[in-house]
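J.: Quick one: the structure is below, questions incoming.
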Amino acid sequence: MADLVAAARAARRHAFAPYSGFLVGAALETADGQVVTGCNVENATYGLTVCAERVAIWKAMSEGHRRFMRIAIVADADAPTPPCGACRQILWEFAGDLEVILANLFGETGRFRLADLLPMPFDRRLLKT
Ligand code: THU
0 MADLVAAARA
10 ARRHAFAPYS
20 GFLVGAALET
30 ADGQVVTGCN
40 VENATYGLTV
50 CAERVAIWKA
60 MSEGHRRFMR
70 IAIVADADAP
80 TPPCGACRQI
90 LWEFAGDLEV
100 ILANLFGETG
110 RFRLADLLPM
120 PFDRRLLKT
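Numbering (numbering that gives the first Met the number 0), first residue to last: 0 to 128.
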């Protein structure tokens, strides 16, 4: 677990966040134990910013990973920094009920199941096709 948080902390150092100044790192553990990282990448339009969690998911998907166990998310904040609503939806789509480990620069600040962070999700089970 410490390794996953350390990987997220290292990824955070690559964050491109000149507008918010809020650097975030994420590390996703695949079912076969590999770690795929991401950082937030902001944009001058603001709205095209992508969070660290989604960068990690997109990278992992594009490298062929399809099953995920845990994600660690690191930010420089006293309060636990949970994934935003958009990231919760994307994580649910591709990772399901994974474990979400929150940490700051000093250590772990919280541990959750995604199902508890995203109750009553909209997903493929609700589509007719
Ligand atoms: N951000 C993340 O990367 N992940 C989160 O869980 C929360 C927010 C980023 C988006 C934006 O670049 C900055 O943090 C401030 O919202």
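Positions of the beta carbon are idealized from the N, C-alpha and C atoms, including for glycine.
#1: Would you list the one or two residues that DSSP bridges to Val99?
#2: By DSSP, does Leu104 sit in helix, in strand, or in coil?
#3: Mapping DSSP to helix, strand and coil, what is Glu62?
#4: By the DSSP assignment, the alpha helix (DSSP H) with Glu28 in it spans what residues?
#5: Along the chain, where does the beta strand (DSSP E) that runs through Val34 open and close?
#6: Taking just the CA atoms, how far does Thr80 sit from Ala74?
#7: Do you know offhand how far Pro120's Cα is from Leu90's?
#8: Nearest to Arg110 by alpha carbon, out of Leu117, Val99, Pro118?
#9: So, at 7 Å on beta carbons, what are the nonlocal neighbours of Leu97 in its own chain, with the 5 sequence-adjacent residues on each side left out?
#10: Would you list the one or two residues that DSSP bridges to Val49?
#11: On a CA-only basis, which of Arg8, Phe21, Ala1 is nearest Leu104? Give me that one, please.
T.: Well, looking at it:
#1: Counting from 1 along the sequence shown, the entry for residue 99 is found at position 100. Its beta-bridge partners are Ile70, Phe111.
#2: Reading the sequence shown from its first residue, position 105 is the one you call residue 104. Coil, per DSSP.
#3: As a working mapping, residue 62 is identified with position 63 in the sequence shown. Three-state DSSP puts Glu62 in coil, outside helix and strand.
#4: By one-based count along the sequence shown, residue 28 stands at place 29. Looking at the DSSP string, Glu28 is not in any alpha helix (DSSP H); the run it does join, the beta strand (DSSP E), is 23-29.
#5: Mapped onto the sequence shown, residue 34 falls at position 35. Residues 34-38.
#6: As a position in the sequence shown, residue 74 is number 75, starting the count at 1. As a position in the sequence shown, residue 80 is number 81, starting the count at 1. Cα to Cα, the separation comes out at about 7 Å.
#7: As a working mapping, residue 120 is identified with position 121 in the sequence shown. As a working mapping, residue 90 is identified with position 91 in the sequence shown. Their backbone Cα atoms lie some 11 Å apart in a straight line.
#8: Along the sequence shown, one-based indexing puts residue 110 at 111. Among Leu117, Val99, Pro118, the Cα nearest to that of Arg110 belongs to Val99.
#9: Reading the sequence shown from its first residue, position 98 is the one you call residue 97. Contacts found: Phe67, Met68, Arg69, Ile70, Leu90, Leu113.
#10: What you label residue 49 is simply residue 50 of the sequence shown in a count that begins at 1. The partner list for Val49 (beta bridge, DSSP) reads Val40.
#11: As a first step, residue 104 is located in the sequence shown; it is residue number 105 there, counting from the start. When only C-alpha atoms are compared, the closest one is Arg8.
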